[in-house]
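**Student:**
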Amino acid sequence: RHGTVVEEDSEGDNDSEEFYYGGQVSYDGELHKHPQLEADLAAVREIYGPNAVSLREYGAIDDVDIDLHIDVSFLDEEIAVAWDVIRTEPIIVRLHCSLTQYLNGPVPTIDVFQISTKERFGLGHQLKKIMQTFVTQQWKNGKEKSNSMHN
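The numbering of the sequence shown is my numbering, which starts it at 12 and goes up by one.
1) Where L110 and K44 are concerned, what is the direct C-alpha to C-alpha distance, given to the nearest angstrom?
2) Just to confirm the assignment, what range does the beta strand (DSSP E) spanning V164 have?
3) Over what stretch of residues does the alpha helix (DSSP H) that includes D51 continue unbroken?
4) At which residues does the beta strand (DSSP E) containing Y69 begin and terminate?
5) Across which residues does DSSP place R105 in a beta bridge pair?
6) Which residues in the same chain have their Cβ closer than 6 Å to the Cβ of H107, if we skip the five residues on either side of it in sequence?
7) Closest by CA to N62, which one among L79, Q47, A71 and A50?
8) Assign I141 to one of two classes, buried (16 or more other C-beta atoms within 10 Å of its C-beta) or exposed (fewer than that).
9) What is the DSSP secondary structure of Y32, reduced to helix, strand or coil?
10) Can you round the beta-carbon distance between L134 and D95 to whole angstroms, since I take them to be within the 8 Å contact cut?
11) Less than 9 Å separating the beta-carbons of V104 and V123?
12) To which residues of the same chain is T147 closer than 7 Å at the C-beta, ignoring the five residues directly before and after it?
13) In angstroms with no decimal places, state the Cα-to-Cα distance between N115 and G70.
14) Below 9 Å between beta carbons: does that hold for I90 and T128?
15) Assign D87 to buried or exposed, taking buried as 16 or more other Cβ atoms, counted over all protein chains shown, within 10 Å of its Cβ.
Spelled out as structure tokens, the structure:
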């Protein structure tokens with residue numbers, strides 16, 4: 012039978028090897044944002060404005076970058092210069108976490124930077140250490156509370 016084409020799944024998916032992400036997988040097989048993530052993003056935008064948070068989804072690997080845009084225009088010029096902060100540019104606090112598991116997933120990694128000073132942003136390095144410690148403790152406390160409620 013010449014001319015017969017055997018269709019192969021170009022993504023290499025195999026129905027017998029499904030992986031469960033513990034998150035929001037719909038009937039179409041696509042990964043979707045955790046509902047609490049949607050609610051939290053809406054709350055941040057409602058309280059701080061539409062530009063206070065941005066999102067980059069990496070659905071293929073179940074990851075999301077949540078960028079909180081911190082306005083620093085209120086800083087005095089002397090402080091901004093001393094901290095090497097550009098007052099006209101927000102400080103970005105990036106949380107890198109699971110798209111589908113969100114708060115139920117692993118502790119997010121944190122990055123803190125300003126776009127134009129990403130490599131030499133000393134204040135950002137200090138804030139990153141503070142934020143990573145805080146988030147790790149909150150995640151641990153949240154998991155312990157969740158586990159004690161389910162036991």
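Backbone N, C-alpha and C fix where the C-beta goes; we use that ideal spot for every residue, glycine too.
**Tutor:** Put simply:
1) For the purposes of this step, residue 110 is identified with residue 99 of the sequence shown, where counting begins at 1. For the purposes of this step, residue 44 is identified with residue 33 of the sequence shown, where counting begins at 1. Approximately 5 Å, taken between the alpha carbons.
2) As shown, the chain starts at 12 and ends at 162. That puts residue 164 outside it, with no answer to give.
3) The residue you call residue 51 lines up with position 40 of the sequence shown. P46 to Y59 is the span of the alpha helix (DSSP H), which, as asked, contains D51.
4) The residue you call residue 69 lines up with position 58 of the sequence shown. Start and end: V64 to Y69.
5) Along the sequence shown, one-based indexing puts residue 105 at 94. Per DSSP, D78 and D122.
6) Numbered from its first residue, the sequence shown carries residue 107 at position 96. If we look at H107 and ignore the five residues flanking it on each side, its Cβ neighbours are D76, P119 and T120.
7) The count along the sequence shown starts at 1 and reaches residue 62 at position 51. Of the listed residues, the one whose Cα sits closest to N62 is L79.
8) Sequence index remark: in the sequence shown, residue 141 carries index 130 (1-based). Exposed, because fewer than 16 other Cβ atoms sit within 10 Å of the Cβ of I141.
9) Within the sequence shown, the letter at position 21 stands for residue 32. Any reading at Y32 is ruled out, since the residue's pLDDT is 36, under 50, leaving its predicted position unreliable.
10) What you label residue 134 is simply residue 123 of the sequence shown in a count that begins at 1. What you label residue 95 is simply residue 84 of the sequence shown in a count that begins at 1. Contact flag correct, Cβ pair sits at about 7 Å.
11) Along the sequence shown, read from residue 1 onward, the residue named residue 104 stands at position 93. Along the sequence shown, read from residue 1 onward, the residue named residue 123 stands at position 112. In this structure, V123 lies closer than 9 Å to V104 by Cβ.
12) Looking up residue 147 in the sequence shown gives position 136. Result list for T147: V118, in chain order.
13) In the sequence shown, the residue the question calls residue 115 occupies position 104. In the sequence shown, the residue the question calls residue 70 occupies position 59. N115 and G70: Cα-Cα distance of roughly 17 Å.
14) Here residue 90 refers to the residue found at position 79 of the sequence shown. Here residue 128 refers to the residue found at position 117 of the sequence shown. Contact: no.
15) The sequence position of residue 87 within the sequence shown is 76, counting from 1. Exposed, since its Cβ has fewer than 16 Cβ neighbours within 10 Å.
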